[in-house]
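Colleague: First the structure, which I've put down as structure tokens, then a few questions once you've had a look.
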Amino acid sequence: MVKHHPPADFLTEYAAGVLPMAQSACVAAHLSYCQRCRHIVERLEDIGGAHFEQLDPQPVGDSMLDRVLARLDDPEPLRYARSEASDDRLPGLLDRLINGDYADLAWKRVTQSLSISYLKTGDLDHEFALYRIAEGGKIPEHTHGGSEMTLVLSGGFSDESGEYHPGDFIVREGWDKHTPVALEGEECICLAVLDAPLRFTRLRHRWLNPLIKLNAG
Amino acid sequence: MVEKTTQSAAPPAQNNGKWNVPTGRRTDEWSQALVSVGETQDRAAFTRFFRHFAPLIKAFALSGSSLSATHADELVQEVMLKVWQKAGGFNPEKAAASTWVYTIARNCRTDMFRRLQKFDTPLASDDFELESEEEESFIVLHTRRGSERVRELMGELPPDQAQILAKVYMEGKSHSEAAAELDLPLGTVKSRVRLAIQKLQALMEA
């Protein structure tokens, strides 16, 4: 039973399609675990539907109708096949990003009990990563500049504010200090989406960027 | 991601009674048309549907003036083709036809923005869709009534809240983009959205 949900702001931006790709993927993965939030998103999409009905119609010529009618029998574009090897409890979209087993990913060992694998979503402003924490393992106390979304995929962890299980969604601001510890009995895998580290956008500082570790994208 | 504009898709301040409120089982013209398209590939029903919705999709594409007229036309075609391909998955018990079309248009617009920005990603918006599931009938009923109430309530929102919802939903502006355009603090935008959603939520749970 999922107990921790995304705040309403995120669900609204998600339903309106304006959430950045990496955050949107994290919210969508939560929805695959959580019927409550799916229903809320359906209602939030009705806000879109209600506005949509009220737009001022813009003229569309019959030639466009003819072009569409002529293409109705075209075969649907193929999406590439999903990997068969992966855990079927995983949300489909993560499946597509991971494209195989956890074991096949490039894991970077950060501490004895923590490894991180960075996944590419195309979103350059957010880091999208899987955290793998050994059972009972700690993540060192950390703070960083932006916000951090976490979704538990398997196992669980606890921190100063509670205990989290698969499907639970947690948002932290960078200034919150917290020290998550994986629950005993099973390793914990989480999806974490972080605002990307500082990037220099002023022309005269850009030369510094290659010196800064960037894992977004 | 979107150009600035002075055009606004905000609905008029006083629009009580203007919002279409579906009642009972969804047997309205557009739900019926979608069901016929899905079940029997009914081209006549699709044509009626096109004549009604294509002009709205074009309006959606142009709101926020982020797409050129050529891209807007391309979007209309893309969305209408998806309507044809996906109509079999439309469930009139669960969603209003306009909401269903809106979600397709929203996804296609997002994908088009990303293509235009040469955003390099392995994902398309369709990947975000969840498998449709069998649901208990009381949940479906609850869902349908919620959807009607959302429409009822839309006409009652104060203009400042309605304006921001229109910016976010129709023009595709994030809360911070909406704040910049309206020259308001981000906190004000967020609290207006939150107030509007709280009203909806209170109604949904009533």
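Here the protein sequences line up with chains H and R, keeping their order.
At position 199 of the first sequence (counting the first as 1) the number is 199 in the numbering used here, and the numbers step up by one without a gap.
At position 18 of the second sequence (counting the first as 1) the number is 235 in the numbering used here, and the numbers step up by one without a gap.
C-beta atoms are modelled at their ideal positions from N, C-alpha and C, and glycine is treated no differently.
1) If I follow the unbroken beta strand (DSSP E) through residue 126 of chain H, where does it start and stop?
2) Less than 8 Å between the beta carbons of residue 367 of chain R and residue 50 of chain H, yes or no?
3) Write down every uninterrupted run of the alpha helix (DSSP H) in the region 265-321 of chain R whose length is 4 residues or greater and which is fully enclosed by it, in chain order.
4) Between residue 496 of chain R and the rest of its own chain, which residues show a CB-CB distance below 7 Å, the 5 nearest in sequence each way excluded?
5) If you measure beta-carbon to beta-carbon, which residues of the region 281-302 of chain R are closer than 7 Å to chain C?
6) Exposed or buried, what is residue 287 of chain R when buried is set at 16 or more other beta-carbons lying within 10 Å of its beta-carbon?
7) Where does residue 287 of chain H sit, in a helix, a strand or coil, going by DSSP?
8) Between the C-alpha atoms of residue 128 of chain H and residue 311 of chain R, what's the straight-line distance to the nearest angstrom?
9) Name the chain R residues whose beta carbon is nearer than 8 Å to that of residue 24 of chain H?
10) Out of curiosity, what's the CA-to-CA distance linking residue 325 of chain R and residue 292 of chain R?
11) If we define contact as Cβ-Cβ less than 8 Å, is residue 255 of chain R a contact residue for chain H?
12) If the cut is a Cβ gap below 8 Å, which residues of chain H does residue 304 of chain R touch?
13) By the 7 Å beta-carbon criterion, what residues does the region 44-61 of chain H contribute toward chain R?
14) For the region 66-77 of chain H and the region 36-53 of chain H, state whether three or more C-beta atom pairs, one from each stretch, are separated by less than 8 Å.
15) Report the CB separation of residue 28 of chain H from residue 345 of chain R in whole angstroms; it is logged as a contact under 8 Å.
16) With distance defined between alpha-carbon atoms, name the residue in R:283, R:393 and R:398 nearest to residue 334 of chain R.
17) According to DSSP, is residue 121 of chain H part of a helix, a strand, or is it coil?
18) For residue 400 of chain R, which three-state DSSP category applies?
19) Output the boundary residues of the alpha helix (DSSP H) element that contains residue 257 of chain R.
20) Report the CB separation of residue 146 of chain H from residue 181 of chain H in whole angstroms; it is logged as a contact under 8 Å.
21) Hey, does residue 337 of chain R have any beta-carbon neighbour from chain H nearer than 8 Å?
22) Which of the three DSSP states, helix, strand or coil, is assigned to residue 3 of chain H?
23) Under a Cβ-count criterion, where at least 16 other Cβ atoms within 10 Å of its own Cβ denotes burial, should residue 104 of chain H be classed as buried or exposed?
24) At the level of alpha carbons, what is the spacing between residue 64 of chain H and residue 290 of chain R?
25) In chain order, what are the residue ranges of uninterrupted alpha helix (DSSP H) at least 4 long that sit wholly in the region 24-68 of chain H?
26) I need the straight-line Cα distance from residue 154 of chain H to residue 165 of chain H, nearest angstrom please.
27) Contact defined as beta carbons within less than 8 Å: I believe residue 247 of chain R pairs with residue 314 of chain R. What is the distance between those atoms, to the nearest angstrom?
28) Let me see if you follow: with CB-CB separation under 8 Å, is residue 111 of chain H close to chain R or not?
29) Give a yes or no on whether the minimum CB-CB distance between residue 100 of chain H and chain R is below 8 Å.
30) Quick one: which chain R residues come within Cβ less than 7 Å of residue 8 of chain H?
31) Buried or exposed: which applies to residue 168 of chain H, given that a residue is buried once 16 or more other Cβ atoms fall within 10 Å of its Cβ?
32) Just the Cα atoms here: how many angstroms apart are residue 98 of chain H and residue 123 of chain H?
33) In this structure, how does DSSP classify residue 18 of chain H when only helix, strand and coil are distinguished?
34) Between residue 111 of chain H and the rest of its own chain, which residues show a CB-CB distance below 7 Å, the 5 nearest in sequence each way excluded?
35) By how many angstroms is the C-alpha of residue 138 of chain H removed from the C-alpha of residue 189 of chain H?
36) If you draw a straight line from the C-alpha of residue 340 of chain R to the C-alpha of residue 14 of chain H, how long is it?
Modeller: Judging by the given coordinates:
1) Taking the first sequence and counting its residues from 1, one reaches residue 126 of chain H at position 126. Element bounds for residue 126 of chain H: 126-133.
2) Numbered from its first residue, the second sequence carries residue 367 of chain R at position 150. Numbered from its first residue, the first sequence carries residue 50 of chain H at position 50. Yes, Cβ-Cβ distance for residue 367 of chain R and residue 50 of chain H is below 8 Å.
3) For the region 265-321 of chain R, whole alpha helix (DSSP H) runs of length 4 or above, ordered along the chain, are 286-303.
4) Nothing can be reported for residue 496 of chain R, as the shown portion of chain R is limited to 218 through 423.
5) Given the protein chain composition of this structure (H and R), no chain C is represented.
6) Here residue 287 of chain R is taken as the residue at index 70 of the second sequence, counted from 1. Residue 287 of chain R is classed as exposed because its beta carbon has fewer than 16 other beta carbons within 10 Å across all chains shown.
7) Look at the range of chain H in this structure, 1 to 217, and you will see that residue 287 of chain H is not part of it.
8) One-based indexing of the first sequence puts residue 128 of chain H at position 128. One-based indexing of the second sequence puts residue 311 of chain R at position 94. Distance between the alpha carbons of residue 128 of chain H and residue 311 of chain R is about 33 Å.
9) The residue labelled residue 24 of chain H in the question sits at position 24 within the first sequence. Per Cβ cutoff of 8 Å: 345.
10) The residue labelled residue 325 of chain R in the question sits at position 108 within the second sequence. The residue labelled residue 292 of chain R in the question sits at position 75 within the second sequence. Rounded to whole angstroms, the separation of the alpha carbons of residue 292 of chain R and residue 325 of chain R is 7 Å.
11) For the purposes of this step, residue 255 of chain R is taken as the residue at position 38 of the second sequence. No, residue 255 of chain R does not count as interfacial toward chain H.
12) Counted from its first residue, the second sequence places residue 304 of chain R at position 87. Within chain H, no residue has its beta carbon less than 8 Å from that of residue 304 of chain R; the closest one is some 11 Å off.
13) Per Cβ criterion, the list reads 45, 46, 47, 48, 49, 50, 51, 52, 53, 54, 55, 56, 57, 58, 59 and 60.
14) No, because fewer than three Cβ pairs between the region 66-77 of chain H and the region 36-53 of chain H fall closer than 8 Å, the two stretches do not touch.
15) By one-based count along the first sequence, residue 28 of chain H stands at place 28. By one-based count along the second sequence, residue 345 of chain R stands at place 128. Indeed, because the Cβ distance is near 4 Å, the residues count as touching under 8 Å.
16) For the purposes of this step, residue 334 of chain R is identified with residue 117 of the second sequence, where counting begins at 1. It is R:283.
17) Taking the first residue of the first sequence as 1, we reach residue 121 of chain H at position 121. Secondary structure of residue 121 of chain H (DSSP, three-state): coil.
18) Mapped onto the second sequence, residue 400 of chain R falls at position 183. DSSP places residue 400 of chain R in coil when its eight states are reduced to three.
19) Residue mapping note: residue 257 of chain R aligns to position 40 of the second sequence, counting from 1. That run of the alpha helix (DSSP H) goes 246-257.
20) The count along the first sequence starts at 1 and reaches residue 146 of chain H at position 146. The count along the first sequence starts at 1 and reaches residue 181 of chain H at position 181. 23 Å between Cβ atoms; not a contact.
21) If you number the second sequence from 1, residue 337 of chain R lands on position 120. For residue 337 of chain R, the answer is yes, since a Cβ of chain H falls inside 8 Å of its Cβ.
22) As a first step, residue 3 of chain H must be located in the first sequence, where it is residue number 3. If DSSP states are grouped into helix, strand and coil, residue 3 of chain H belongs with coil.
23) Counting from 1 along the first sequence, the entry for residue 104 of chain H is found at position 104. Burial state of residue 104 of chain H is exposed, judged by a 10 Å Cβ sphere holding fewer than 16 other Cβ atoms.
24) Within the first sequence, the letter at position 64 stands for residue 64 of chain H. Within the second sequence, the letter at position 73 stands for residue 290 of chain R. Between the C-alpha atoms of residue 64 of chain H and residue 290 of chain R there is a straight-line separation of about 8 Å.
25) Segments of the alpha helix (DSSP H) lying fully in the region 24-68 of chain H: 35-53.
26) Here residue 154 of chain H refers to the residue found at position 154 of the first sequence. Here residue 165 of chain H refers to the residue found at position 165 of the first sequence. So the two alpha carbons sit approximately 7 Å from each other.
27) Within the second sequence, numbered from 1, the residue matching residue 247 of chain R stands at position 30. Within the second sequence, numbered from 1, the residue matching residue 314 of chain R stands at position 97. Indeed they touch by this definition, with Cβ atoms about 4 Å apart.
28) In the first sequence, residue 111 of chain H corresponds to position 111, counting from 1. Residue 111 of chain H does not count as touching chain R.
29) Your numbering for residue 100 of chain H matches position 100 in the first sequence. By this cut-off, residue 100 of chain H is not an interface position.
30) Your numbering for residue 8 of chain H matches position 8 in the first sequence. Correct list: 411 and 414.
31) If you number the first sequence from 1, residue 168 of chain H lands on position 168. Its Cβ being crowded by 16 or more others within 10 Å, residue 168 of chain H is buried.
32) Taking the first residue of the first sequence as position 1, residue 98 of chain H is located at position 98. Taking the first residue of the first sequence as position 1, residue 123 of chain H is located at position 123. Cα atoms of residue 98 of chain H and residue 123 of chain H: separation of roughly 16 Å, rounded to the nearest angstrom.
33) Here residue 18 of chain H refers to the residue found at position 18 when the first sequence is read from its first residue. If DSSP states are grouped into helix, strand and coil, residue 18 of chain H belongs with coil.
34) Residue 111 of chain H sits at position 111 when you count from the first residue of the first sequence. Non-local C-beta neighbours of residue 111 of chain H in its own chain, meaning closer than 7 Å and more than five positions away in sequence, comprise 140, ordered along the chain.
35) Taking the first sequence and counting its residues from 1, the one referred to as residue 189 of chain H is at position 189. Taking the first sequence and counting its residues from 1, the one referred to as residue 138 of chain H is at position 138. Each residue's Cα considered, the two are about 13 Å apart.
36) The count along the second sequence starts at 1 and reaches residue 340 of chain R at position 123. The count along the first sequence starts at 1 and reaches residue 14 of chain H at position 14. Distance between the alpha carbons of residue 340 of chain R and residue 14 of chain H: 16 Å.
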